[in-house]
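Using our numbering, you'd call the opening residue of the sequence shown number 1 and step up by one each time. Notes follow once the structure below has been shown.
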Amino acid sequence: MEIWKEEVFGPVLCVKTFKTEEEAIELANDTKYGLAAAVMSKDVKRCERFTKAFQSGIIWINCSQPTFNQLPWGGKKRSGFGRDLGECNTSFGETEINTTLFPSLRSVGTDEVAKVNEAFARRFQDILDRSSLKNEVEKAMLEGRQVVFAGHSSGGAIAILAALWCLECCRTRPNGYMLVHPYCMTFGSPLVGNKIWSHALRRENWARYFIHFVMKYDVVPRMMLAPSSIQELLQAISPFFNPKSQYYQHEAVARSSNALNFFMTVMRNASSVASYAACNLKGCTNLLLETVSNIVQLSPYRPFGTYIFFTGNRKLVVIENPDAVLQLLFYSSQLSSEAEAAEVVARSLNDHLLYKNEMQDSLEMQDVVHLNNLTDIPLSSNVDPSDVVASMNSALNDLGLSTRARLCLRAAGEWEKQKKKNEEKIEQNKRSIRDALSKIQEYQTKCDIRKVGYYDAFKIQNIDDDFNANVKRLELAGIWDEIIEMLKRYELPDSFEGRRDWIELGTQFRRQVEPLDIANYYRHLKNEDTGPYLIRARPKRYRFTQRWLEHFDKVQAGARSESCFWAEVEELRNKPFAQVQDRVLSLETAANCWIQSSLLGDDVFFPESTYTKWWRTLPTQHKQASWVSRKITS
1 MEIWKEEVFG
11 PVLCVKTFKT
21 EEEAIELAND
31 TKYGLAAAVM
41 SKDVKRCERF
51 TKAFQSGIIW
61 INCSQPTFNQ
71 LPWGGKKRSG
81 FGRDLGECNT
91 SFGETEINTT
101 LFPSLRSVGT
111 DEVAKVNEAF
121 ARRFQDILDR
131 SSLKNEVEKA
141 MLEGRQVVFA
151 GHSSGGAIAI
161 LAALWCLECC
171 RTRPNGYMLV
181 HPYCMTFGSP
191 LVGNKIWSHA
201 LRRENWARYF
211 IHFVMKYDVV
221 PRMMLAPSSI
231 QELLQAISPF
241 FNPKSQYYQH
251 EAVARSSNAL
261 NFFMTVMRNA
271 SSVASYAACN
281 LKGCTNLLLE
291 TVSNIVQLSP
301 YRPFGTYIFF
311 TGNRKLVVIE
321 NPDAVLQLLF
331 YSSQLSSEAE
341 AAEVVARSLN
351 DHLLYKNEMQ
361 DSLEMQDVVH
371 LNNLTDIPLS
381 SNVDPSDVVA
391 SMNSALNDLG
401 LSTRARLCLR
411 AAGEWEKQKK
421 KNEEKIEQNK
431 RSIRDALSKI
441 QEYQTKCDIR
451 KVGYYDAFKI
461 QNIDDDFNAN
471 VKRLELAGIW
481 DEIIEMLKRY
491 ELPDSFEGRR
501 DWIELGTQFR
511 RQVEPLDIAN
521 YYRHLKNEDT
531 GPYLIRARPK
541 RYRFTQRWLE
551 HFDKVQAGAR
561 SESCFWAEVE
571 ELRNKPFAQV
581 QDRVLSLETA
591 ANCWIQSSLL
601 GDDVFFPEST
611 YTKWWRTLPT
621 QHKQASWVSR
631 KITS
């Protein structure tokens, strides 16, 4: 039964509860639930996760979007319904995503926030604020139900954001809280965000929850690769997609000059984006490439999740590599000759409205090719029918992929393999890292025995042990700097920054070694020339590893800054108390927590430590009220 339906000025959201397979099958031909129910009825018997979900009931949220009533680049249609979302500030309508709603959508180490299409983001925000979506989803999650978000056309973009928001809600639940993660299915959805989306979703292991169906020639999944200058052409052809228009599916629109110009403009821009991406995949070092990229503005939008392409011959091609998906979006809709231009342009519009029929046909055949091993893709369209890659080759032929296209897919596969090789290489450094950290731990223990904190001992550099500790510090810095540079260039698997073993090792490294870096910095009085360590000199190897832990622990930025304790002490002790009183109180509060959590040791309070000497100079009134007075005797 329908449990909720509410129309807002964007999509119409319908929530449906399926208790049995029969109920889903019964709705397979319903115009409102057709796409969603078609997938459910054909796929449910061989999809264990959905079958299990029936035990508690599936909540299906259908994002039925009136197609292009609002333009994804900003601006307002000249006719039709919908309201103006305002002009976007860029050529492609992108903006930084709301990190309050989507805190995981960023590169953790570099702290680069993902970009999202501003119009889609605003629509979703309005739906969240002005409908009962939030309450319905939270209720379903508490009841342990499977939530599936589905959307066709630009409704797919809303479904994506809704599913992602739901996943963020799951992430913030207490550990041990049993949750059924949501799924998202889109049909002919435009691209929504930039490359950070794929990176972040793979790191969180969420990419598997997003499934996107794309027809071979459907122009809508490719249109976000073109700039906002295309919106007038889109306005001209949009009646073709609108069931309320007299020109709905009208052949004259599909074969008009506007449709031709729209398709060709999209494909020209798609060609530029795909070519630039392919050059990077192949390791092209031509300076001309960098120069052109600085002059020609390319679309930032990139695919993510699992893509399922319809070949047109009742076959399905499944691919998860986002770099390969980008190449397929371009190469699978190529013209064989100018003579077929009119036919392909018409199909590029018609295909957008044929998902239901194509899906029913394809799922009945169950002829599915998974492009998991991209490096095995045959370069020739002619292979022996008995060859193990024959079925793959047949599907690629149906998609019309040329040798050049296949080379690009191979390059995407090779790049993925290279990332794994890079990861294997740095895995070999783990033993060296642990051995060096063990030596520094020994150094710290020896200093404690002498009642000289290892921070102060390293800063003074009086004995050979101090020199040897510095050698290990530099050795570790070299290893970690190499890792950080790889991360900055995205040369490691996207999952790397989410790996618990590396987060823990990075945290141990930061907590043990950063105090030595700080001691070295202030020993050489670098602060007098460069400025405060935390503002001017803190290495990325510590910034990155701190962000890893903060993201893993789901805490705000700066909450795991215990390794910076000595840097703050060094800055405060050179300033008048009245000027930094609030900072002193904040440091003492934080230090108390760190001491109780064993993140700071008692060496901080040794009689000759930098901290003790400075603290004794503070005003008597402050010292008497401070908890530190119980640790430091006058």
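Each residue gets a CB set at the ideal place from its N, CA and C atoms; glycine is no exception. From a predicted model like this one, the values you see are computed outputs, not experimental measurements.
Closest by C-alpha distance to residue i, when choosing among the options
i	options	result
Phe577	Pro619, Ala252, Asp376	Pro619
Cys564	Ser238, Leu516, Leu234	Leu516
Trp206	Glu427, Asp218, Cys166, Phe241	Cys166
Ser257	Leu128, Lys425, Ala342, Arg208	Ala342
Tyr276	Leu298, Lys613, Arg203, Asp218	Leu298
Leu179	Asp435, Ala140, Leu363	Ala140
Asn592	Gln579, Ala412, Ser629	Ser629
Ala412	Ser337, Asn321, Asn397, Asp466	Asn321
Lys439	Ile449, Ser228, Glu427, Val471	Val471
Glu94	Arg523, Ala159, Leu101, Ala121	Ala121
Leu164	Lys282, Leu260, Phe304	Phe304
Met224	Lys244, Asn242, Phe210, Leu191	Leu191
Tyr521	Ala339, Lys459, Asn397, Glu138	Lys459
Asp435	Gly498, Phe509, Phe102	Phe509
Secondary structure of residue i, DSSP reduced to three states
i	result
Trp615	helix
Ser635	Residue 635 is absent from the model: the chain starts at 1 and stops at 634.
Tyr33	Since pLDDT at Tyr33 reaches only 43, below the 50 mark, its modelled position is unreliable, and the value read off the structure follows with that caveat. Three-state result, Tyr33: coil.
Lys554	coil
Gln146	strand
Cys284	coil
Ile632	coil
Cys316	It is Leu, not Cys, that sits at residue 316 in the sequence shown. The answer is strand: DSSP assigns Leu316 an E or B state.
Tyr331	helix
Tyr247	coil
Cys408	helix
Tyr355	helix
Gly531	coil
Gly601	coil
Gly400	coil
Asp323	helix
Gln428	coil
Gln581	helix
Gln55	Bear in mind that a pLDDT of 40 at Gln55, under 50, signals an unreliable position, so the model cannot answer this.
Residues that residue i bridges to, as DSSP identifies them
i	result
Lys115	Glu96
Thr186	Gly151, His212
Asp367	Lys315
Phe309	Val214, Val317
Gly453	Gly453 is not bridged to any residue.
Gly193	Val116
Other residues of its chain near residue i: CB distance less than 6 Å, five sequence neighbours each side excluded
i	result
Ser56	Caution is warranted here: a pLDDT of 42 is assigned to Ser56, below 50, making its placement in the model unreliable, and no coordinate value can be reported.
Ile377	Arg406, Leu409, Arg410
Arg222	Val266, Ala270, Leu329
Ile308	Phe213, Leu316, Val318
Leu399	Thr311, Ser332
Beta-carbon proximity check, residue i vs residue j, cutoff 8 Å
i	j	result
Leu474	Val513	no
Tyr490	Ala469	no
Ala274	Gln360	no
Lys488	Pro300	no
Ala162	Cys63	yes
Phe263	His250	no
Asp323	Trp197	no
Asp218	Gly188	yes
Ser104	Glu204	yes
Leu374	Ser332	no
Glu150	Asn117	Per the sequence shown, the amino acid found at residue 150 is Ala instead of Glu. No, the Cβ-Cβ distance between Ala150 and Asn117 is not below 8 Å.
Glu588	Ser626	yes
Arg541	Trp480	yes
Same chain, Cβ closer than 7 Å to residue i, neighbours up to 5 away in sequence not counted
i	result
Ser609	Gly453, Asp456, Asp603
Glu358	Met215, Phe310
Val368	Leu316, Val318
Val389	Asp376, Pro378, Val383
Ala159	Cys63, Phe149, Ala150, Gly151, Cys184, Thr186
Leu335	Ala341, Val344
Nonlocal neighbours in the same chain, by C-beta distance under 8 Å from residue i, ignoring five residues either side
i	result
His199	Ser107, Tyr490, Asp494
Ile518	Tyr455, Tyr533, Cys564, Trp566, Ala567, Glu570
His622	Phe577, Gln581, Val584
Phe496	Arg203, Glu423, Leu487, Trp502
Gly531	Ala537
Cys170	Met141, Leu179, His181, Pro182
Glu112	Arg106, Ile196
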